[in-house]
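As structure tokens, the structure follows; a few thoughts come after it.
Number of protein chains: 2
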Amino acid sequence: MATYKAPLEDMRFILNDVFQADRLWASMPATAEVTRDLSDAILDEAGKMVENLLFPLNRDGDEEGCHFDNGQVTTPKGFKEAFKTYAENGWTAFSGNPEFGGQGMPKSLAVLFEEMMHSANSSFALYPALTNGATLCLDAHASDELKQAYLPKLYSGEWSGTMCLTEPHSGTDLGIMRTKAVPNDDGSFNISGTKIFITGGEHDMVDNIIHLVLAKLPDAPAGSKGISLFLVPKFLPDADGNPGERNGVAAGSIEHKMGIKGSATCVMNFDDAKGWIIGEPNQGLAAMFTMMNYERLSIGIQGLGLGEVSYQSAADYARERLQGRAATGVQNEGGNADPIIVHGDVRRMLLTMRALNEGGRALSTYVGMELDKAKFSENDAEQKAAQDRVALLTPIAKAFFTDRGFDTTVIGQQVFGGHGYVREWGMEQFVRDCRISQIYEGTNGIQALDLAGRKVTRNGGKYVDAFLADVRGWIDDNANEQGLDSIRERLVAAVDLLESTTAELLRQAGDDPDMVNASAVEYLDLFGYVTYAWLWARMMVTAAQRDDDFGRAKLTVGRFYFERLLPRAGALAEQIKAGPATLMSLDQDLF
Amino acid sequence: MATYKAPLEDMRFILNDVFQADRLWASMPATAEVTRDLSDAILDEAGKMVENLLFPLNRDGDEEGCHFDNGQVTTPKGFKEAFKTYAENGWTAFSGNPEFGGQGMPKSLAVLFEEMMHSANSSFALYPALTNGATLCLDAHASDELKQAYLPKLYSGEWSGTMCLTEPHSGTDLGIMRTKAVPNDDGSFNISGTKIFITGGEHDMVDNIIHLVLAKLPDAPAGSKGISLFLVPKFLPDADGNPGERNGVAAGSIEHKMGIKGSATCVMNFDDAKGWIIGEPNQGLAAMFTMMNYERLSIGIQGLGLGEVSYQSAADYARERLQGRAATGVQNEGGNADPIIVHGDVRRMLLTMRALNEGGRALSTYVGMELDKAKFSENDAEQKAAQDRVALLTPIAKAFFTDRGFDTTVIGQQVFGGHGYVREWGMEQFVRDCRISQIYEGTNGIQALDLAGRKVTRNGGKYVDAFLADVRGWIDDNANEQGLDSIRERLVAAVDLLESTTAELLRQAGDDPDMVNASAVEYLDLFGYVTYAWLWARMMVTAAQRDDDFGRAKLTVGRFYFERLLPRAGALAEQIKAGPATLMSLDQDLF
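Residue numbers (UniProt numbering), protein chains in the order written: chain A, 1 to 591; chain B, 1 to 591.
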């Protein structure tokens, strides 16, 4: 069966020992109160909460799924009560703005909390995740009046939030959306249209649901420059700020999906629903995107979290399942077979999972810290450099976490053999739940295009140059550190490869407009593997200072990463260099 | 929505033009009557049958699944009637021994038929596939009396067959199984024990179910050398050969699985069930394995078939779905967006799928022909060489078809974006259905171990040497052919890489008993990519002789394979060379 314990030791190692996040927090007024003791205590409590409250609901939630009946959505048994406890204990306020009742925890701590949530119960985790997204957007762009009316209720968990972007014919291409917003005399708008794939669009865990809706004003320019953002509550707040009159928005149905079955994915029909604009007219996409870096990282973490629970379950199973004998002779004298963890291939599977999970955890923490600097730093140069790092690394984190997370859940299922295919064992659910993370919040192909296009070629590789300087600077500073010796050469070669391949991408993109789109996914993968190599090197240098099992295991997993996973970067570079000519040459009727 | 048409043009191109299978058939008495006209007509009819009879049942069959009630299993609506039609039209007899009512069609034709079956309805396809496996085993090893009594009913589709190997504690490691067989005075045996994961163990489509069961005799030696094989019918045949008295075997439950939900996966309880031995006592595994090469190829083809239907559906969707604009400017002047097939990344996805599907189809046909030679050739040298090729390539085909097939179904789902995650669109079912093919019939890790251990290191690379000689011989013979020019250098480099990596595997395996198990999966993948490169080269040489769209498309897809997929071989070789030391060094408690 699937098993999960919050990986607190590794989380603390990364947060405290590798990155010394508390030093960063202390340096910025907004986070100065977050000490190492506090963050350790919070991780402890979060671990207990997800293990005891959310993980036990995961398997049954998948089997039962959500129910739709005449516009009402019922979440799986136990979800509603668990959400009440979750909210009462303050978790819904975790990273909210303290001015409106949030706890103001830094993103570098939130990413570890979010990872635990997705490990324990990905369907459940999505309800607060979407609310977080909505509050971030409101906090950044809404009027003070809207913030006062909505943020406290959202932070308290009494209400929840959604993001309404997609329409049946308009997904990646939001410019062609049809939902309309007609202004009223009182400054409000009437919103009409149909939105699909709305996570938490309707459910039974809160008193009110606040939709952030993209729509077009009557005089809006065509395309993505004509999109505005609106707040549309399910119930209009009454004079006391409590849910009052029902608004013209309702769920038309829920989707029957491959996974995340406990998460209600709704078709939402808006019929002259009353809403208020957030930010400026026709600037809706920009408003949405200011919070996208936060949300994309969090959705990436869904892949990480599911990879972790799959790894832990597979490692436990591999220690217990007796089958065959070790290549070097009998290991389990008393039994009729050895535990399958003696077999090289099982170890290859487990170490692949673990190297990807821990590399990912390091990157999520690193990007979390850069997001904290980008938001809270009072040093302009530090803030700007952090913003650039976030812009570059966010699409990588989202796509690479989820692609490698999916691979990881598939490997974990494989460790269980036939039992992995049977629902009651729980391993196949992780595969199904993880699969969506590669698709939503911008498909991973779109993430790759954002990276290779907007973040690399359109600025002539400026962000990449800064990133390479970060990595080379770190290598120089740590040239004589134990832990780096065995892998230094491979790391330098990987960094060189990223540099030369970026130059090749820029060169070919100058000649052929199809180059970026045709190479983007391979380029993002290459970037991901090289970034993990750097972060593994950082972990190895820190681990080499310890004389304990944890440190020795870390060094072994790190060496495995360099020997058995990093070589993939070489193949990716070769594929990118091939260019777009062949794949663009086939007539579309011949596919 | 998912769409499927049997890919007859490509099948005929491979079978007739690339491999000229009809020349082989004509050269052997057992297959001499199979002409090109006949095989073309059979493929036509098979295509119509799967498109009209089986594909329409696929989606609903997944939603409904199988039902279990008090020992009875009901298949999804329509399956029973479809199976009746299927059997009446002779498809159950396709490759059966003509002496007992089979049609004696060669395996090289059967592989294409099997691919269509799995494209159209993988759950349905498994019922006749298991029966095929049982009849092959009976035909090769059972007494004439058993053959006479059972083969005609199995070929006619009145009865079906199963393979009962796995027990709850005994999967890969069959040596520790507990099912017992106690001899009776009349030469029969009483079988008792529990078998799990039995495909088609109980269902409602036939009058009788014939189980082939592995069990241990009372005096059997320990381990895999003490396993015997028994035939155990659900109903004991009466004096007329019709189903008579109920035997002591019954389904205890069915599994609730990730996919192939229309296929009944049963727990089978044997309680003093009457059975008859097949072959010699304690030689049951050997008997089972003589038909494994046939069955493993067929199960591999499940991956191919699902990859093909996923590709076709994704290509259709990509031509229809309008979203965004081409990098080179507007392509669809009248519409508000271009079809997504204009985007380089969508083409990369589609061409990856197609290059893997068509490479796989070529390999399945190639191995099918070698199986035909191995079974029917009257030339001893040809027969022996074919047996060696089959031994080497079968684990590759099973694992590589299904691993790449799974990748392909995942990519096809990705092309659909969010719609790919919604059940009604059908794309996620292919992913779930395909996933089992990597696990059952020997996990892909076990296939890799069979290749790298038994088929390579244990005979000092003899089979590989012969394979490399085949490939190099072909390259020499075709050195001046058009079609080979653009990829010749890459092909030769790939063959050299396989040779040097095999030498490295042999060298390290001599030093370290863990080398084989720790590198097997990467070695199999490397072998698969190099083998596809050779087969793509063969297809390209043949295609270059045509002056039509089909030929030009083939050449383009082939170039794509060499540019964008074959480079993976280099990374795999590097990973293999790293050796097993790192991954074996971690204490099992530290995972």
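Cβ coordinates follow ideal geometry from the N, Cα and C atoms, glycine included.
Problem - Uninterrupted alpha helix (DSSP H) stretches inside the segment 24-54 of chain B (no shorter than 4 residues) - result: 36-49
Problem - Contact set between lysine 257 of chain B and chain A, taken where Cβ atoms lie within less than 9 angstroms - result: Against the second sequence, residue 257 of chain B aligns to sequence position 257. Under the 9 angstroms cutoff, chain A gives Tyr421, Val422, Arg423 and Glu428.
Problem - Any chain D beta carbon closer than 8 angstroms to aspartate 514 of chain B - result: Absent here is chain D; the protein component of the structure consists of chains A and B.
Exercise for the section: Answer yes if the segment 539-558 of chain B comes into contact with the segment 511-528 of chain B, meaning at least three C-beta pairs across the two stretches below 8 angstroms, and no otherwise. Expected result: no
Exercise for the section: Pull out every residue of the segment 521-540 of chain A whose Cβ sits closer than 7 angstroms to any Cβ of chain B, in chain order. Expected result: Val521
Handout entry: Contact with chain B by glycine 344 of chain A, beta-carbon distance below 8 angstroms
Key = Here residue 344 of chain A corresponds to residue number 344 of the first sequence, with the count starting at 1. Yes, glycine 344 of chain A lies at the interface with chain B (some Cβ there is under 8 angstroms from its Cβ).
Handout entry: Unbroken beta strand (DSSP E) run spanning glutamate 245 of chain B, endpoints
Key = Numbered from 1 along the second sequence, position 245 holds the residue referred to as residue 245 of chain B. Per DSSP, glutamate 245 of chain B belongs to the beta strand (DSSP E) from 243-246.
Problem - For glutamate 378 of chain B, three-class secondary structure by DSSP - result: The sequence position of residue 378 of chain B within the second sequence is 378, counting from 1. Coil at glutamate 378 of chain B, not helix or strand.
Practice task
Please list the residues of the segment 543-561 of chain B that have a C-beta atom closer than 9 angstroms to any C-beta atom in chain A, keeping them in chain order.
Solution key: Asp549, Phe550, Arg552, Ala553, Thr556, Val557, Arg559 and Phe560
Practice task
Could you pull the start and end residues of the alpha helix (DSSP H) that lysine 554 of chain A belongs to?
Solution key: Here residue 554 of chain A corresponds to residue number 554 of the first sequence, with the count starting at 1. Residues 549-560.
Handout entry: Neighbour list for aspartate 450 of chain A in chain B, Cβ cutoff strictly below 9 angstroms
Key = The sequence position of residue 450 of chain A within the first sequence is 450, counting from 1. In chain order: nothing, as chain B lies at least about 12 angstroms away.
Exercise for the section: With isoleucine 446 of chain B as the anchor, note down where its beta strand (DSSP E) starts and where it stops. Expected result: To locate residue 446 of chain B, count along the second sequence from 1; it is residue 446. Looking at the DSSP string, isoleucine 446 of chain B is not in any beta strand (DSSP E); the run it does join, the alpha helix (DSSP H), is 444-449.
Handout entry: Contact set between the segment 434-460 of chain A and chain B, restricted to residues whose Cβ is under 8 angstroms from the partner
Key = Arg435, Ile436, Gln438, Ile439, Tyr440, Thr443, Asn444, Gly445, Ala448 and Leu449
Practice task
Kindly list, in the order they appear in chain B, the residues whose Cβ is closer than 8 angstroms to that of alanine 518 of chain A.
Solution key: Residue mapping note: residue 518 of chain A aligns to position 518 of the first sequence, counting from 1. By Cβ distance, chain B contributes Gly344, Asp345, Arg347 and Arg348.
Exercise for the section: Report buried or exposed for alanine 318 of chain B, applying the criterion of at least 16 other Cβ atoms within 10 angstroms of its Cβ. Expected result: As a position in the second sequence, residue 318 of chain B is number 318, starting the count at 1. Classification of alanine 318 of chain B: buried, given that the 10 Å Cβ count is 16 or more.
Problem - Alpha carbon of arginine 423 of chain B to alpha carbon of threonine 3 of chain B, nearest angstrom - result: Stepping through the second sequence from its first residue, residue 423 of chain B is reached at position 423. Stepping through the second sequence from its first residue, residue 3 of chain B is reached at position 3. Cα to Cα, the separation comes out at about 15 angstroms.
Practice task
Tell me the start and end of each unbroken beta strand (DSSP E) in the segment 50-96 of chain B that is at least 3 residues and wholly inside, in chain order.
Solution key: 67-69 and 72-74
Practice task
List the whole-angstrom C-beta distance separating leucine 498 of chain A from serine 519 of chain A, where the pair is believed to meet the contact cut-off of C-beta under 8 angstroms.
Solution key: Position 498 of the first sequence holds residue 498 of chain A. Position 519 of the first sequence holds residue 519 of chain A. 14 angstroms between Cβ atoms; not a contact.
Practice task
Go ahead and pull the three-state DSSP assignment for methionine 163 of chain B.
Solution key: Residue mapping note: residue 163 of chain B aligns to position 163 of the second sequence, counting from 1. Methionine 163 of chain B falls in the strand class under three-state DSSP.
Practice task
Using a Cβ cut-off of 8 angstroms (strictly closer), state whether alanine 578 of chain A contacts chain B.
Solution key: As a working note, residue 578 of chain A is residue 578 in the first sequence. By this cut-off, alanine 578 of chain A is an interface position.
Exercise for the section: Give the secondary structure of lysine 195 of chain B by DSSP, where H, G and I count as helix, E and B as strand, and everything else as coil. Expected result: The residue labelled residue 195 of chain B in the question sits at position 195 within the second sequence. Lysine 195 of chain B: strand per DSSP, three-state reduction.
Problem - Residues in the segment 329-343 of chain A having any Cβ partner in chain B nearer than 8 angstroms - result: Asn336, Ala337, Pro339, Ile341, Val342 and His343
Practice task
Enumerate in chain order the residues of its own chain whose CB-to-CB distance from leucine 109 of chain B is below 6 angstroms, with the five nearest sequence positions on each side excluded.
Solution key: Counting from one through the second sequence, the residue named residue 109 of chain B turns up at place 109. Excluding sequence neighbours, leucine 109 of chain B sits near Ser39.
Problem - CB of serine 313 of chain B within 8 angstroms of CB of glycine 418 of chain B, strictly - result: Here residue 313 of chain B corresponds to residue number 313 of the second sequence, with the count starting at 1. Here residue 418 of chain B corresponds to residue number 418 of the second sequence, with the count starting at 1. Cβ distance not < 8 angstroms, so serine 313 of chain B and glycine 418 of chain B don't count as in contact.
Practice task
Check aspartate 185 of chain A in the structure and name its three-state DSSP category.
Solution key: Along the first sequence, one-based indexing puts residue 185 of chain A at 185. Of the three classes helix, strand and coil, the one that applies to aspartate 185 of chain A here is coil, per DSSP.
Problem - Delimiting residues of the alpha helix (DSSP H) encompassing tryptophan 276 of chain B - result: Stepping through the second sequence from its first residue, residue 276 of chain B is reached at position 276. Here tryptophan 276 of chain B belongs to no alpha helix (DSSP H); instead the beta strand (DSSP E) covers 265-278.
Problem - Identity of the residue in A:Phe124, A:Glu33 and A:Val34 nearest methionine 49 of chain A by Cα - result: In the first sequence, residue 49 of chain A corresponds to position 49, counting from 1. It is A:Phe124 whose Cα lies nearest to the Cα of methionine 49 of chain A.
Practice task
Could you check if arginine 507 of chain B is buried or exposed, using at least 16 other CB atoms within 10 Å of its CB as the buried criterion?
Solution key: Your numbering for residue 507 of chain B matches position 507 in the second sequence. So arginine 507 of chain B ends up on the exposed side.
Exercise for the section: Please confirm if glutamate 574 of chain A has its CB atom under 8 angstroms from at least one CB of chain B. Expected result: Position 574 of the first sequence, counting from 1, holds the residue named residue 574 of chain A. Taking Cβ atoms only, chain B reaches closer than 8 angstroms to glutamate 574 of chain A, which makes this a yes.
Handout entry: Reduced DSSP secondary structure (H/G/I, E/B, other) of serine 585 of chain A
Key = Counted from its first residue, the first sequence places residue 585 of chain A at position 585. Of the three classes helix, strand and coil, the one that applies to serine 585 of chain A here is coil, per DSSP.
Exercise for the section: Can you have a look at arginine 23 of chain A and say buried or exposed, based on whether 16 or more other CB atoms are within 10 angstroms of its CB? Expected result: Position 23 of the first sequence, counted from the first residue, corresponds to residue 23 of chain A. So arginine 23 of chain A counts as exposed.
Practice task
For lysine 398 of chain B, I'd like the list of residues in its chain whose CB is within less than 8 angstroms of its CB, leaving aside the five on either flank, ordered along the chain.
Solution key: Along the second sequence, read from residue 1 onward, the residue named residue 398 of chain B stands at position 398. Same-chain partners within the cutoff: Arg296, Leu297, Ile299, Gly300, Glu441, Gly442, Asn444 and Gln447.
Problem - Positions along the segment 166-196 of chain A whose CB lies within less than 7 angstroms of some CB in chain B - result: Thr166, Gly171, Thr172, Asp173 and Ile176
Problem - Distance CB(arginine 559 of chain B)-CB(serine 486 of chain B) smaller than 8 angstroms - result: As a first step, residue 559 of chain B is located in the second sequence; it is residue number 559 there, counting from the start. As a first step, residue 486 of chain B is located in the second sequence; it is residue number 486 there, counting from the start. Cβ distance < 8 angstroms, so arginine 559 of chain B and serine 486 of chain B count as in contact.
Practice task
Might you give, ordered along the chain, the residues of its own chain that have their beta carbon closer than 8 angstroms to the beta carbon of arginine 12 of chain B, omitting 5 neighbours on each side?
Solution key: Looking up residue 12 of chain B in the second sequence gives position 12. Hits under 8 angstroms: Asp40 and Leu43.
Exercise for the section: In the DSSP assignment, find the beta strand (DSSP E) that holds proline 237 of chain A and state where it starts and stops. Expected result: Looking up residue 237 of chain A in the first sequence gives position 237. Taken as a continuous stretch (DSSP letters only), the beta strand (DSSP E) holding proline 237 of chain A covers 235-237.
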